[in-house]
Amino acid sequence: MAHWIFQDEHHMFRKAVRKFIEKEIIPNVEKWEREEEVPRSLYERMGELGYLGIKFPEKYGGSDSDIITEAVLIEEMAKCGSGGVAAAIGAHTGIAMTNIWKYGSEEQKQNYLVPGIKGEKISALAITEPSGGSDVSAIKTTAKKSGSHYILNGSKTFITNGVNADYVIVAAKTREEPVHRNISLFIVETDWEGFSAGKKLKKLGWHASDTGELFFDEVKVPEENLIGREHEGFLYIMENFQFERLSMALGCVGLGELAIETAKKYSQERIQFNRPLSKFQVLRHKMVDMAVDLEKARNITYRALYLYNKGEDVVTEATMAKVYATEMIRRVTDQALQIHGGNGYMMEYDVQRFWRDARIQSIGGGTTQIMNEILTKRLGIIS
Amino acid sequence: MPYEPYLTEEHDQLRATIQKFVEKEISPYVDEWEAAGEFPRNLFERMGELGFLGFHYPESVGGQGGDYFTKLVLAEELNKCGCGGVPMAIAVQTDMATPPIYKFGNADQHERFLTPAIRGEKIAAIGITETNNGSDVQGIQTRARRDGDEWVINGTKTFITNGTKADFVILVTRTSDEPGADGISLFLVDTDTPGFSVGKKLDKVGMRSSDTAELIFDQVRVPNENLLGEEGKGFYQIMWQLQGERMIGAAGAIGGADFAYEQALNYARNRIAFEQPISRFQVISHLLAEMKTEMEVCRELTYATAYRFSKGEVPAKEISMTKLSAVQMAHWVADRALQIHGGHGYMAEYPIERNWRDSRLPRIGGGTDEIMKEIIAKQMEI
Numbered sequence: 000m001a002h003w004i005f006q007d008e009h010h011m012f013r014k015a016v017r018k019f020i021e022k023e024i025i026p027n028v029e030k031w032e033r034e035e036e037v038p039r040s041l042y043e044r045m046g047e048l049g050y051l052g053i054k055f056p057e058k059y060g061g062s063d064s065d066i067i068t069e070a071v072l073i074e075e076m077a078k079c080g081s082g083g084v085a086a087a088i089g090a091h092t093g094i095a096m097t098n099i100w101k102y103g104s105e106e107q108k109q110n111y112l113v114p115g116i117k118g119e120k121i122s123a124l125a126i127t128e129p130s131g132g133s134d135v136s137a138i139k140t141t142a143k144k145s146g147s148h149y150i151l152n153g154s155k156t157f158i159t160n161g162v163n164a165d166y167v168i169v170a171a172k173t174r175e176e177p178v179h180r181n182i183s184l185f186i187v188e189t190d191w192e193g194f195s196a197g198k199k200l201k202k203l204g205w206h207a208s209d210t211g212e213l214f215f216d217e218v219k220v221p222e223e224n225l226i227g228r229e230h231e232g233f234l235y236i237m238e239n240f241q242f243e244r245l246s247m248a249l250g251c252v253g254l255g256e257l258a259i260e261t262a263k264k265y266s267q268e269r270i271q272f273n274r275p276l277s278k279f280q281v282l283r284h285k286m287v288d289m290a291v292d293l294e295k296a297r298n299i300t301y302r303a304l305y306l307y308n309k310g311e312d313v314v315t316e317a318t319m320a321k322v323y324a325t326e327m328i329r330r331v332t333d334q335a336l337q338i339h340g341g342n343g344y345m346m347e348y349d350v351q352r353f354w355r356d357a358r359i360q361s362i363g364g365g366t367t368q369i370m371n372e373i374l375t376k377r378l379g380i381i382s
Numbered sequence: 000m001p002y003e004p005y006l007t008e009e010h011d012q013l014r015a016t017i018q019k020f021v022e023k024e025i026s027p028y029v030d031e032w033e034a035a036g037e038f039p040r041n042l043f044e045r046m047g048e049l050g051f052l053g054f055h056y057p058e059s060v061g062g063q064g065g066d067y068f069t070k071l072v073l074a075e076e077l078n079k080c081g082c083g084g085v086p087m088a089i090a091v092q093t094d095m096a097t098p099p100i101y102k103f104g105n106a107d108q109h110e111r112f113l114t115p116a117i118r119g120e121k122i123a124a125i126g127i128t129e130t131n132n133g134s135d136v137q138g139i140q141t142r143a144r145r146d147g148d149e150w151v152i153n154g155t156k157t158f159i160t161n162g163t164k165a166d167f168v169i170l171v172t173r174t175s176d177e178p179g180a181d182g183i184s185l186f187l188v189d190t191d192t193p194g195f196s197v198g199k200k201l202d203k204v205g206m207r208s209s210d211t212a213e214l215i216f217d218q219v220r221v222p223n224e225n226l227l228g229e230e231g232k233g234f235y236q237i238m239w240q241l242q243g244e245r246m247i248g249a250a251g252a253i254g255g256a257d258f259a260y261e262q263a264l265n266y267a268r269n270r271i272a273f274e275q276p277i278s279r280f281q282v283i284s285h286l287l288a289e290m291k292t293e294m295e296v297c298r299e300l301t302y303a304t305a306y307r308f309s310k311g312e313v314p315a316k317e318i319s320m321t322k323l324s325a326v327q328m329a330h331w332v333a334d335r336a337l338q339i340h341g342g343h344g345y346m347a348e349y350p351i352e353r354n355w356r357d358s359r360l361p362r363i364g365g366g367t368d369e370i371m372k373e374i375i376a377k378q379m380e381i
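Going down the list, the sequences are from chains B and G. Here numbering that gives the first Met the number 0 is used: position 233 in the first sequence is 232, and no number is missing along the way. Here numbering that gives the first Met the number 0 is used: position 13 in the second sequence is 12, and no number is missing along the way.
This is the structure in structure tokens:
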């Protein structure tokens, strides 16, 4: 029996998503990994199926479902076996558009959320800069008010969907002081003058997702494109981190399942010393260790999901889920590769991709060390 | 706020009541009992009087009629008393020896054994392990042979918790010469039956306040009314019993870890080195965060599994995963907590060295880590 957090409607939804992924994503993974991006048609198709607007209100084209339904999508997307594909979709629906849904004006919702949910426009969220990632207060991009516009100057890096996005939600400083009350979020369309995206960045993993460097040179942003209130961007970013971290943990749970299944299957088929690898006790116990690790990550993640869905403060639980699940996936994918022996090191086998893709999880969305810093404060270890 | 959706306000109130009892009637005596290698019988009586030994049993047999989680709360709180021995002995009474009587016993057996055990008037032990067989239950050699209306039992059991003081033992015996699972049966054996004797009290690394003994059965005659459940079904009955034992072992590990963590946190905040509390050193503060994360992970896994178990499901894979991870966590947390204490952690003056010794046993008892993994591997169909 599955975990109690999922009801019948979630199981049915999972079945449908799984079918879609098996038919329309998995066969294309190798190609998209090579091309270092997913095609626009994937967004359109997923928009058509309603997968980009699960948690968004119906009046903007969403399905108004709960976060648990969205969690099912995140888990299943991870099981397509390409972290890049999952990241491209997740950055659009979970990370970028959520800001417009939560803090945006009606006009912004009509102009950006609606086409985003349809998959007609691709979005990205741009916070990190060469000068600061987790240390959001260290960003240098500025937005200076000039009449009814803001003038943006600066650069961003490590931006998922950065090269292909139609609009980017950009964090910029709108004043020098006070710290944490000086950042604002803007929606910037990528065909505006002064905006440019550098080359796709070459990465260890997540090959199917384009990652870009963005440059803002005197970009004129109309004041209607300020999201929410001026200077409140830092708070919005911090609030959204909870869902981002939770969704990363969910993705790790999904990939963990796939990695264990893949290792198990390989161990049952691969014959050495006249018997399948799965008959060797150390390998069996290795797979058990992986499964226990996954189960632990799954449970703390579902705890955070349960509380988040109830609308409670989940900073502690989401942080614990993020740190545990992302460290779990490093161990689990590494051991899955080990079970594959030399074959695991070959590009012909998918397990190497799981392993490469897993490595970013304990860095992106706040490193493990940043998570522990947060916990030391939340748990009152350091007052 | 209660830990939803598993625990309610009532569980929190119950927890507070148990805490008060532990603080007043157990913790002050732990050092003394550890030194003595046992604790007095009247603790059972006292806990029976308070209803603590029958939280989850129906009122018809003398219990409180509480839900399954009331037992978890008890196990957690007892394990914060400052030692593992006392809670282990109580858990044998409440969650290892008596559940098979309730589940497989008849009304007469309930009256003679279960109800007095719930009242704390009779102390129970469970005899599975022998010198040559622990987890490999099918191989046990204690033999019960039918003789008219009686059974004659011969054999030796070892590592038996409550063994020196038990009034009766749930005894696992072989009742057939055919090897395999189907030749095992359970008996309720009164320890004042002629032929029963306690071999020796065993000396242990930890869990010292709980007595552990070798039990000898020499031509012990037991009436047929003391056969528990059906003849030949003992193996399956014990496999069922072990599920509950493992769940409560996990809950105990959570409580023990809570205790160790609190000790470590408190020590780290107050211990000054290099002119600042050691909790301000990043490696110590991150270590504490990692300990707490590992604890919360295991807590949720334990509760989520207990939730299924409480609804009548027996998710053997998840139960083994829960037991394995919780007891590993508790021993790791104890070890790290000891490390944070530095040299003081190694001294008997601080309670952490005892927590470290005591937390070692659950990785062996109730099925070793390795046995848990074998069970999980089978369930995963690897």
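Heads up, the beta-carbon is just placed ideally off N, CA and C, and yes, glycines get one too.
Whether residue i touches residue j by CB criterion (8 Å)
| i | j | result |
| --- | --- | --- |
| P361 (chain G) | G81 (chain G) | no |
| E110 (chain G) | G47 (chain G) | no |
| A288 (chain G) | L378 (chain B) | yes |
| A207 (chain B) | G83 (chain B) | yes |
| A245 (chain G) | G365 (chain G) | According to the sequence shown, residue 245 (chain G) is Arg rather than Ala. Yes, the Cβ-Cβ distance between R245 (chain G) and G365 (chain G) is below 8 Å. |
| V168 (chain G) | I117 (chain G) | no |
| M286 (chain B) | K263 (chain B) | yes |
| A196 (chain B) | E212 (chain B) | yes |
| A95 (chain B) | A123 (chain B) | yes |
| G103 (chain B) | I182 (chain B) | no |
| E69 (chain B) | K54 (chain B) | yes |
Which of helix, strand or coil DSSP assigns to residue i
| i | result |
| --- | --- |
| G309 (chain B) | Reading off the sequence, residue 309 (chain B) comes out as Lys, not Gly. Three-state DSSP puts K309 (chain B) in coil, outside helix and strand. |
| D334 (chain G) | helix |
| I53 (chain B) | coil |
| R298 (chain G) | helix |
| Y297 (chain B) | Residue 297 (chain B) is actually Arg in this sequence, not Tyr. Helix. |
| T140 (chain B) | coil |
| H109 (chain G) | helix |
| I362 (chain B) | coil |
| W150 (chain G) | strand |
| K200 (chain G) | strand |
| F214 (chain B) | strand |
| P221 (chain B) | strand |
| T16 (chain G) | helix |
| L323 (chain G) | helix |
| V169 (chain B) | strand |
| P361 (chain G) | helix |
Where the alpha helix (DSSP H) containing residue i begins and where it ends
| i | result |
| --- | --- |
| Q368 (chain B) | T367 to R377 |
| N98 (chain B) | M96 to Y102 |
| Q241 (chain B) | G232 to E268 |
| G82 (chain B) | G82 to G89 |
| D357 (chain G) | I351 to D357 |
| E29 (chain B) | V28 to E34 |
| R45 (chain G) | N41 to E48 |
Cβ-Cβ separation, residue j to residue i (assumed contact under 8 Å), whole Å
| i | j | result |
| --- | --- | --- |
| T128 (chain G) | I152 (chain G) | With a Cβ gap of about 16 Å, T128 (chain G) and I152 (chain G) do not count as contacting. |
| M289 (chain B) | V322 (chain B) | Not a contact, Cβ separation roughly 18 Å. |
| G204 (chain B) | I359 (chain B) | 6 Å |
| S175 (chain G) | G231 (chain G) | 7 Å |
| S133 (chain B) | T318 (chain B) | Going by Cβ atoms, the distance from S133 (chain B) to T318 (chain B) rounds to 12 Å, so no, they are not a contact pair. |
| G253 (chain B) | A87 (chain B) | Between A87 (chain B) and G253 (chain B) the Cβ distance is about 15 Å, and since that is not below 8 Å, they are no contact. |
| A357 (chain B) | I338 (chain B) | The pair is not a contact, with the Cβ atoms about 15 Å apart (cut-off 8 Å). |
| Y166 (chain B) | V113 (chain B) | The pair is not a contact, with the Cβ atoms about 12 Å apart (cut-off 8 Å). |
Where the beta strand (DSSP E) through residue i begins and ends
| i | result |
| --- | --- |
| D356 (chain B) | Taken as a continuous stretch (DSSP letters only), D356 (chain B) belongs to no beta strand (DSSP E), being part of the alpha helix (DSSP H) at V350 to A357. |
| D330 (chain B) | With the sequence shown as reference, residue 330 (chain B) is identified as Arg, and Asp is not the correct amino acid for it. Premise fails: R330 (chain B) lies in the alpha helix (DSSP H), V314 to I338, not in any beta strand (DSSP E). |
| H148 (chain B) | H148 to T159 |
| S41 (chain B) | Just to set this straight, residue 41 (chain B) is Leu in the shown sequence, not Ser. L41 (chain B) -> not in any beta strand (DSSP E); alpha helix (DSSP H) instead, spanning R39 to E47. |
| H217 (chain G) | Contrary to the premise, residue 217 (chain G) reads as Asp rather than His in this sequence. Here the beta strand (DSSP E) through D217 (chain G) covers T211 to P222. |
Near the ligand FMN: residue i beta-carbon under 7 Å from a heavy atom
| i | result |
| --- | --- |
| G146 (chain B) | Looking for the ligand FMN in the displayed structure turns up nothing, as the structure carries no ligands at all. |
message: If we require 4 or more residues per run, which alpha helix (DSSP H) segments fall completely within the region 230 to 313 of chain G?
response: 233 to 269 and 281 to 309
task: List in chain order: all unbroken beta strand (DSSP E) runs of 3+ residues lying wholly within the region 127 to 192 of chain G.
output: Within the region 127 to 192 of chain G, the complete beta strand (DSSP E) segments at least 3 residues long are 142 to 146, 149 to 160, 167 to 173 and 183 to 189, listed from N- to C-terminus.
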